[in-house]
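Input: a single structure, listed below in structure tokens.
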Amino acid sequence: MTPFAVVQQRLEERIHKNESISTNVLGKIRQAQTADEIAQSIQNVTQGDDFMYFTEYVHSTWMRTLTGNPNVPATVAYTLGNPLIARFIFQEDITAATFIPVRLVIKEANASPGADTNPSCPKTTISYHLPSSLIPETSNQTLKDQLVMLDAKVERLVLDIIREPSNL
50 MTPFAVVQQR LEERIHKNES ISTNVLGKIR QAQTADEIAQ SIQNVTQGDD FMYFTEYVHS
110 TWMRTLTGNP NVPATVAYTL GNPLIARFIF QEDITAATFI PVRLVIKEAN ASPGADTNPS
170 CPKTTISYHL PSSLIPETSN QTLKDQLVML DAKVERLVLD IIREPSNL
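Structure (structure tokens):
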């Protein structure tokens, strides 16, 4: 099992959190005057990867305060995406903006009692929806293909961040 902090660090590296913030890529996209400016701003951050960081919400902090429970597990929701991917989906159906950009929630979860796990290494869960599962049935094959492609990118990201190091 991969500890929460490791999953969080891997995710933030893979979505280029530091670069997204330090370059103010979202601000540059909003102020861009040309498609080339938008593409260049995104490519400078993603460096050939699929996703960049948009924002995060640390739900566990406010939940601990509101519930008075200091044992609420670490929980962070991330919003990530890539406008260069989203544009092809939005061109087919702009209502896809209700679930794109993608959201992932990582949560530290104690193993269930009696489970064959190391109690000093709680498990981490990652929750997300595959984009293709959120759009109503459509006969638009281009849209379906774009969503399936995005599904694969999200799944690959999740598998990369939860992987255990090889002992080879």
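Following my numbering, the numbering of the sequence shown begins with 50 at its first residue and continues without gaps. Don't be surprised by glycine CBs; every beta carbon is placed ideally from N, CA and C. Being a predicted model, the structure only gives us computed values, none of them experimental.
Contact holds between the segment 123 to 138 and the segment 97 to 109, because three or more Cβ pairs, one in each stretch, are under 8 Å apart. Around histidine 178, the same chain offers Phe148 as residues with beta carbons nearer than 7 Å, after the five sequence neighbours per side are excluded.
With contacts defined as CB atoms closer than 7 Å, alanine 126 and valine 94 fail to qualify as a contacting pair. Cβ neighbours of glutamate 61 within its own chain (closer than 6 Å, five residues either side excluded): none. Comparing alpha-carbon positions, the option among Pro52, Ser69, Ser188 and Val203 lying closest to aspartate 142 turns out to be Ser188.
Between serine 181 and aspartate 200, the CB-CB gap stays under 7 Å. For the segment 96 to 169, the full-length alpha helix (DSSP H) segments reaching 4 residues or more read 108 to 116 and 132 to 141 along the chain.
Within a 10 Å sphere around the beta-carbon of glutamine 57 sit 16 or more other beta-carbons, which makes this residue buried. For a cut-off of 8 Å, the C-beta gap from alanine 135 to proline 150 is around 7 Å, short enough to register as a contact.
Under DSSP, isoleucine 175 forms a beta bridge with Ile155. Of the residues Asp194, Asp99, Pro52 and His65, the one whose Cα lies closest to the Cα of isoleucine 138 is Asp194. Sequence-distant partners of isoleucine 78 (beyond 5 residues in either direction) whose C-beta falls short of 8 Å from its own C-beta, in its chain, are Ile87, Ser90, Ile91 and Pro132.
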